[in-house]
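Okay, structure first, notes after.
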């Protein structure tokens, strides 16, 4: 029993353990299943959109994406300055159409047009004339504006060669296509490389030799902001280092859109708003990381896009919910208080539906937590709707406001549309006069919405760096400015811009942008300007100019008689004064105080030889800092020391010791002006040449050290001095260098020219000091710099300017001019055909089996009076089609060119008995599909 009992007990234990383990196993599986469910649930709750957006929007210092250069042309505005003036002066830039003459009642006679779209500088871009004719004007104008924007950023076009620079262009339809692809079927038109829309981006990448992405975006009216968002994300992800973003729109064909106003005025937000006017624009931005930017117009805090998707009201109806969601998500991602905006540039176009929907989304998303009304505006009220380029136009308007501190006003606004509750109730306020920013945050939002649901929003922050002392430098140094251009007018325009306001930061941008030759620039000019006035200027044309070649440059060092005055003047230059301090430390070993000599305005402390050599050395350092590299060096008299120093034959310390030795040897040699002795006692003591006879007289004068050793009487003393110098200089020299040093010293003491090779013909000689050479014409330093053939880095002459420059620094792009010699072909709308179509009738043959004209339930209006107040509608026992036809009667009272789509019925009342009685009575008469009378009362808005 015991055993059995034990076995039973054991069996129970085993059984119990088995049950427990099984239960544990089952629980573990259930727990794992629950955990997976929880993880799945947790993952589904993670907002990856928000997480990804925050990764993009969160940046370290120096990695911020900024707009560093801008350029553009707009209706009746050739450049941004003209655009700025038109905005501030409240000019309506939409004028009677000058592209075509049309009397068609459906085509408004108003259009915002850019002047001179047929002009193109084919020579600069290396485009054959035949190719230029087939090139879309959107492409040709954008090329020129892109180069202007690059200069405006303080960049040279060559800076972008072979770099990861992307080109992103917003463009919609091209009205150039039909002419070159379908109408003009002659061979060799080059239409494929000139009119294809992708070429707008590709040709710019090709010309500038860029290695980044290059493409166009088309999302209708939001195209350019979509392009900017792509560039912004590519920069943040490290795909590119620089971006060129553009938007372009040219109107060449009068096709009719259903949202155009009749009077050419975009009455944005106004109760009289009845559509928009089309307009043209070409705008370009340069985007960089802030640590690389020389100028910052604004920082791109964040950019985001989304799409409406399906909307119940139809494809063209804007979605308030999608716009609201976009706004909320963008500010959450960049973690900026969405109620802190300083200004909002809206998409506002003046349409019946668009403005109320957009403002409702803004009101819900951006105003509820504000204590002051949100200031809003829309550049379309001033210039019309430039469609795919409208986003760039809005950005440039905002930048104008940031740079001037004044928000440009809207026009055509008198009374808010009643449907816009935010305006009516005071949470939104339209800016109608030049208005200063009300805070120092400088946060501005910009919205654009594409025709079809592509929404975009951009948040900008202005450059917080403000001007100090109106841009005047701390020093009083005049500035040398060297520029180039395609024409003399271009050079004059740029030089004049410098005199408008003396601004060291603006001059720094010009120095950097024009620091080297610009290929195909034919004119050069320079100016010296001070804070008080222009000192001098000059312009010249480069004939037989080849950008990759320059004449051989010789630099000759001679005897610098006016070394003291030159040295005192040059001490104001940081590079020169810093190098003199370096020499000063070497001279202190010999109890010579160079700094005291120049600072005390007294040249009695050091001799002429040492003074001349020191100033020469400072000049050499200036040339080196400006990266001027002569092909050959020449030296006459003491200038041979300088040539040896530049060649690396003598060190700085050696040349100072050598000059000091010669200086001591000649400084005490005095000759009597009227000495009648034929023989004089001369000795050599402590390295100094002395005249025992003249030392006795206190009335004798010092003669120039440059002249003393030219006296033949002292040839035996020159030999002694030569031995002394060579002993000091050749101790550690090789045999070859010893021979060269011997030649240098001989040229000094015996007035020979060191490096006696013949100066090549057609070369350039820059001569510093006196030299007897006459075989070539020498040049001054100014003419050397102004020729720009040797690309001296002039900015290195002056105190360093901390970049990026301050907000309010003058723009460069408006002053750049082009060589427009011969207009290119622009497709013109055929006025004769259009007139014939307008005046003549249209004959249409309709057959019963023609499906296009087949009657159906939605075409049931049988007749209508001329006032559209009474109509007969066929009853086909279908309430859907019958009600639709009733709504059509109401639509006849509405301008069909506007974006107007009936979306709901406020109230529907059916008199069933009356309706049935009328239908039955007609049927009894034999009419199976009777016509029922329908009336519309415009006063009560009832059908």
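Numbering (the working numbering), first residue to last: 427 to 1369.
In this text, a Cβ means the ideal position worked out from N, Cα and C, and glycines have one as well.
Three-state secondary structure (DSSP) of residue i
i            : result
residue 1364 : coil
residue 901  : coil
residue 953  : strand
residue 533  : coil
residue 994  : helix
residue 717  : coil
residue 766  : coil
residue 1308 : helix
residue 989  : helix
residue 1015 : helix
residue 477  : helix
residue 1110 : Legend: pLDDT at residue 1110 = 41, less than 50; position of this residue unreliable, value from coordinates given subsequently. Looking at residue 1110 - three-state DSSP - the assignment turns out to be strand.
residue 1300 : strand
residue 693  : coil
residue 771  : strand
residue 496  : strand
residue 730  : strand
residue 960  : strand
For residue j and residue i, the rounded distance between their alpha carbons
i            : j            : result
residue 507  : residue 1233 : 16 Å
residue 1286 : residue 839  : 41 Å
residue 499  : residue 1079 : 59 Å
residue 1066 : residue 1083 : 15 Å
residue 819  : residue 788  : 20 Å
residue 688  : residue 1312 : 27 Å
residue 753  : residue 480  : 14 Å
residue 719  : residue 858  : 34 Å
residue 949  : residue 913  : 6 Å
residue 666  : residue 569  : 20 Å
residue 1332 : residue 1314 : 16 Å
residue 777  : residue 700  : 6 Å
residue 866  : residue 727  : 16 Å
residue 837  : residue 976  : 55 Å
residue 824  : residue 562  : 28 Å
residue 917  : residue 503  : 21 Å
residue 717  : residue 505  : 28 Å
residue 997  : residue 1192 : 21 Å
residue 372  : residue 960  : This structure cannot speak to residue 372, because the chain is shown only from 427 to 1369.
residue 779  : residue 697  : 12 Å
residue 546  : residue 626  : 14 Å
residue 514  : residue 892  : 22 Å
residue 592  : residue 1073 : 44 Å
residue 807  : residue 518  : 8 Å
With 16 other Cβ atoms within 10 Å as the buried cut-off, status of residue i
i            : result
residue 487  : exposed
residue 1361 : exposed
residue 928  : buried
residue 676  : buried
residue 781  : buried
residue 883  : buried
residue 1024 : buried
residue 402  : Shown here, the chain extends from 427 to 1369; a query on residue 402 therefore has no answer.
Own chain, CB closer than 6 Å to residue i, minus 5 neighbours either side, in chain order
i            : result
residue 1058 : 980
residue 605  : 1253
residue 725  : 490, 492, 887
residue 1076 : 1070
Contacts around residue i, its chain only, beta-carbon distance under 7 Å, and the 5 residues preceding and following it disregarded
i            : result
residue 555  : 548
residue 1219 : 941, 1052, 1053
residue 572  : 630, 670, 672, 710
Own chain, CB closer than 8 Å to residue i, minus 5 neighbours either side, in chain order
i            : result
residue 703  : 520, 534, 536, 537, 538, 686, 687, 690, 691, 692, 810, 811
residue 1302 : 1283, 1286, 1308, 1355
- Message: Measuring CB atoms only, is the region 1004-1014 touching the region 1052-1070, in the sense that at least three cross pairs come out at less than 8 Å?
- Response: No: the two stretches stay apart, fewer than three of their Cβ pairs being nearer than 8 Å.
- Query: Are the region 688-700 and the region 760-771 touching by the rule of at least three beta carbon pairs closer than 8 Å?
  - Reply: No, they do not touch.
- Query: Given 8 Å as the limit, is there contact between the region 845-859 and the region 635-647, that is, 3 or more CB pairs closer than that?
  - Reply: With a cut-off of 8 Å, the region 635-647 and the region 845-859 do not count as touching, because too few Cβ pairs lie within range.
- Item | Cβ contact (3+ pairs, closer than 8 Å) linking the region 1215-1234 and the region 932-939 | By the Cβ criterion, the region 1215-1234 is in contact with the region 932-939, since at least three pairs of Cβ atoms, one from each stretch, lie closer than 8 Å.
- Message: Would you call the region 1237-1246 in contact with the region 556-565, where contact means no fewer than 3 C-beta pairs closer than 8 Å?
- Response: Verdict: no, contact absent.
- Task: Mind the definition here: the region 704-711 touches the region 875-887 only if three or more C-beta pairs lie below 8 Å; say whether that holds.
- Result: With fewer than three CB-CB distances shorter than 8 Å, the region 704-711 does not count as touching the region 875-887.
- Take every Cβ of the region 1287-1307, pair it with every Cβ of the region 1343-1363, and state whether three or more of those distances are shorter than 8 Å. Counting C-beta pairs closer than 8 Å gives three or more between the region 1287-1307 and the region 1343-1363, which meets the contact rule.
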